[in-house]
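Numbering (the UniProt record's numbering), first residue to last: 1 to 222.
Backbone N, C-alpha and C define an ideal beta-carbon position, used for all residues, glycine too.
Fair warning: this is a prediction, and the values are worked out from it, not measured in the lab.
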Amino acid sequence: MLRSLELPSAVLTGDLVKSQMHSQEMIGRALDVIKGIANDHSERTGDFAPKFTRFRGDGWQFAMGNVPQALRVAVLIGASLKGASDLPSTRISIGVGQIDSMGSQTLADASGEAFIVSGRALDWLERKAGSLAISGLGITYLHQIAVELLELRMKLWTSHQAEAAALYLNGPYATGREVATRLGISQQAVSYRLAGADARRIAELLEEWETEFQLIPGGPYA
Numbered sequence: 001m002l003r004s005l006e007l008p009s010a011v012l013t014g015d016l017v018k019s020q021m022h023s024q025e026m027i028g029r030a031l032d033v034i035k036g037i038a039n040d041h042s043e044r045t046g047d048f049a050p051k052f053t054r055f056r057g058d059g060w061q062f063a064m065g066n067v068p069q070a071l072r073v074a075v076l077i078g079a080s081l082k083g084a085s086d087l088p089s090t091r092i093s094i095g096v097g098q099i100d101s102m103g104s105q106t107l108a109d110a111s112g113e114a115f116i117v118s119g120r121a122l123d124w125l126e127r128k129a130g131s132l133a134i135s136g137l138g139i140t141y142l143h144q145i146a147v148e149l150l151e152l153r154m155k156l157w158t159s160h161q162a163e164a165a166a167l168y169l170n171g172p173y174a175t176g177r178e179v180a181t182r183l184g185i186s187q188q189a190v191s192y193r194l195a196g197a198d199a200r201r202i203a204e205l206l207e208e209w210e211t212e213f214q215l216i217p218g219g220p221y222a
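Now the structure itself:
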């Protein structure tokens with residue numbers, strides 16, 4: 001483990017939406033996408049192992065130490081699933097706080113404030129039919145409004161726009177040529193899709209979010 005649990009961490013908790021309308025194969029593929037993104041972030045940034053854990057068939061959870069980047073990871077998950085039009089979408093709740101224990105084999109017996117607030121925020125999302133929320137240490141109502149506005153913008157993405165945005169936002173931003181090569185389409189088509197998704201501006205805003213997040217009381221957060 002490369003980061004002390006004495007620092008605030010983020011716990012991302014979610015469940016697939018309308019999973020009963022999808023086959024077990026599609027549910028498994030969606031959860032594999034989420035797990036892959038969690039593991040990729042950990043390996044790329046040197047964060048601690050996320051310990052991706054599946055709950056109740058369509059529920060999931062993982063932890064990350066780089067709190068400022070939790071929103072970026074959540075956006076990437078949402079974009080990746082929407083970009084694969086045959087897969088179910090997911091609710092995502094980001095809880096910020098202390099982690100007392102990462103559990104034994106899985107997060108099923110983990111403990112700490114980050115897990116508590118993440119679970120509560122997921123319950124709130126289910127009641128309001130939302131898909132993205134953040135709560136916990138240092139999080140204000142203004143942060144929650146900003147995240148909800150981002151959620152509303154993401155809901156307007158087409159599957160093609162989300163697919164391009166996911167590739168663009170994943171790690172160091174890909175160029176239009178790289179995205180075009182991955183998708184097997186022209187750079188002009190990629191440009192249209194990224195513009196339609198406002199992906200470049202969202203990338204800039206995520207960078208600003210991560211910078212400003214360091215100033216929130218209760219840190220350091222990374």
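| query | result |
| --- | --- |
| Rounded to whole angstroms, how far is the Cβ of Pro88 from the Cβ of Leu16, which I believe are closer than 8 Å? | 4 Å |
| Grab me the residues of Ile139's own chain with a C-beta within less than 7 Å of its C-beta, minus the 5 sequence neighbours each way, in chain order. | Val96 |
| Using the Cα positions of Ser153 and Val147, report the straight-line distance between them to the nearest angstrom. | With the sequence shown as reference, residue 153 is identified as Arg, and Ser is not the correct amino acid for it. So the alpha carbons of these two residues sit roughly 10 Å apart. |
| Given this structure, state the Cα-to-Cα distance separating Ile216 from Ile92, to the nearest angstrom. | 22 Å |
| What is the DSSP secondary structure of Ser111, reduced to helix, strand or coil? | strand |
| Answer yes or no: do Leu107 and Gln69 have a C-beta to C-beta separation smaller than 8 Å? | no |
| Distance check for Glu210 and Arg44, CA to CA, integer angstroms please. | 17 Å |
| Hey, Thr90 and Leu81 are a contact pair by Cβ (cut 8 Å); roughly how many whole angstroms apart? | 6 Å |
| With 16 other CB atoms within 10 Å as the buried threshold, where does Arg182 fall? | exposed |
| For Phe62, does the three-state DSSP call read helix, strand or coil? | strand |
| What is the C-beta distance between Leu169 and Ala133, in whole angstroms, given that I count them as a contact (C-beta under 8 Å)? | Leu169 to Ala133, Cβ: 19 Å. No contact. |
| Out of Thr13, Gly28 and Tyr141, state which residue places its alpha-carbon closest to the alpha-carbon of Met64. | Thr13 |
| Restricting to Cα atoms, I'd like to know which of Ala189, Lys51, Arg72 and Val11 is closest to Ser104. | Lys51 |
| Just mark Glu163 as buried or exposed, buried being the case when its beta carbon has 16 or more other beta carbons within 10 Å. | buried |
| On a Cα-Cα basis, can you pick out the residue from Tyr141, Gln161, Leu71 and Asp100 that is closest to Glu208? | Leu71 |
| Taking the alpha-carbon positions, what's the Leu137 to Ala195 distance? | 34 Å |
| Use the C-beta contact count for Arg193: other C-beta atoms within 10 angstroms, 16 or more gives buried, fewer gives exposed. | buried |
| In terms of residues, what are the limits of the alpha helix (DSSP H) holding Ala38? | Gln24 to Thr45 |
| May I ask you to report which of helix, strand or coil DSSP gives Gly95? | strand |
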